[in-house]
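S.K.:
Residue numbers (this note's numbering): 3 to 212.
(1) Contact check, residue 94 vs residue 178 under 8 Å by CB: the rounded distance?
(2) Rounded C-beta distance between residue 173 and residue 132? I'm assuming under 8 Å.
(3) DSSP on residue 182, reduced to helix/strand/coil?
(4) Using a 10 Å radius around the Cβ and a threshold of 16 neighbouring Cβ atoms, would you call residue 137 buried or exposed?
(5) Would you mind reading off the limits of the beta strand (DSSP E) that contains residue 38?
(6) With a threshold of 16 other CB atoms inside 10 Å of the CB of residue 2, please say whether the residue is buried or exposed.
(7) Within 10 Å of its beta-carbon, does residue 31 have 16 or more other beta-carbons around it, so buried, or fewer, so exposed?
(8) Checking the sheet assignment: what are the DSSP bridge partners for residue 131?
(9) Using a threshold of 8 Å, state whether the C-beta atoms of residue 48 and residue 35 are closer than that.
(10) Check whether the Cβ atoms of residue 57 and residue 127 lie closer than 8 Å to each other.
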């Protein structure tokens, strides 16, 4: 049986979880590209090229970088903003999906897990998740792959995400910067951004959305 490839969809109404199809997570120093394990350095160039080829490249910063809860989150927020400016790319913050006790607004808590609507509405063809909690990212990436043709990437603070088309692990300021460096390198080599005009949602250097 040929290796299962985690490609941009739409794949199916109910796509299989990539892990159930034999896709494994990368070890430190590695990434996965469409289900195959590759050196991390290859992933930076691949991701940068995908971003520059996109008409609507988009970064989805999650609560782990939107909330100014420690110094490292602030540094990551600044690096993400620099990456967005370098591409250029849209910044669309993920909703605050924490349950609100003692009363939970089911509509508000469930709606963030319909990311395909955001993809369709904004015609996003390439995106990356950064700072999104794993349980949220795993479900969201699967929904996007199942119902849209968006090429998804994820920079995970832990071991990565099988259901992204491309996934890095152990997210850090240095790794976000390496991705930006790969973008700048390709630009110097003559690769031009295909991004259409857009309006960014402003994220301040403190990591908060303005």
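No residue lacks a Cβ here, since even glycine has one placed at the ideal position from N, Cα and C. Quantities reported herein were computed from a predicted structural model and do not represent experimental measurements.
M.R.: Here's the rundown:
(1) To locate residue 94, count along the chain shown from 1; it is residue 92. To locate residue 178, count along the chain shown from 1; it is residue 176. The Cβ separation is near 17 Å, so there is no contact.
(2) Counting from one through the chain shown, the residue named residue 173 turns up at place 171. Counting from one through the chain shown, the residue named residue 132 turns up at place 130. Between residue 132 and residue 173 the Cβ distance is about 7 Å, and since that is below 8 Å, they are a contact.
(3) On the chain shown, residue 182 is found 180 positions in, with the first residue counted as 1. DSSP places residue 182 in helix when its eight states are reduced to three.
(4) Stepping through the chain shown from its first residue, residue 137 is reached at position 135. By the neighbour-count rule (16 or more Cβ atoms within 10 Å), residue 137 is not buried but exposed.
(5) Indexing the chain shown from 1 puts residue 38 at position 36. Counting along the chain, the beta strand (DSSP E) containing residue 38 begins and ends at 38-41.
(6) Because residue 2 is not part of the residues shown, which for the chain are 3 to 212, the question remains open.
(7) Numbered from 1 along the chain shown, position 29 holds the residue referred to as residue 31. Its Cβ having fewer than 16 others within 10 Å, residue 31 is exposed.
(8) Here residue 131 refers to the residue found at position 129 when the chain shown is read from its first residue. Paired residues: 62, 156.
(9) For the purposes of this step, residue 48 is taken as residue 46 along the chain shown, with counting starting at 1. For the purposes of this step, residue 35 is taken as residue 33 along the chain shown, with counting starting at 1. Between residue 48 and residue 35, the CB-CB gap stays under 8 Å.
(10) As a first step, residue 57 is located in the chain shown; it is residue number 55 there, counting from the start. As a first step, residue 127 is located in the chain shown; it is residue number 125 there, counting from the start. The answer is yes: Cβ separation under 8 Å.
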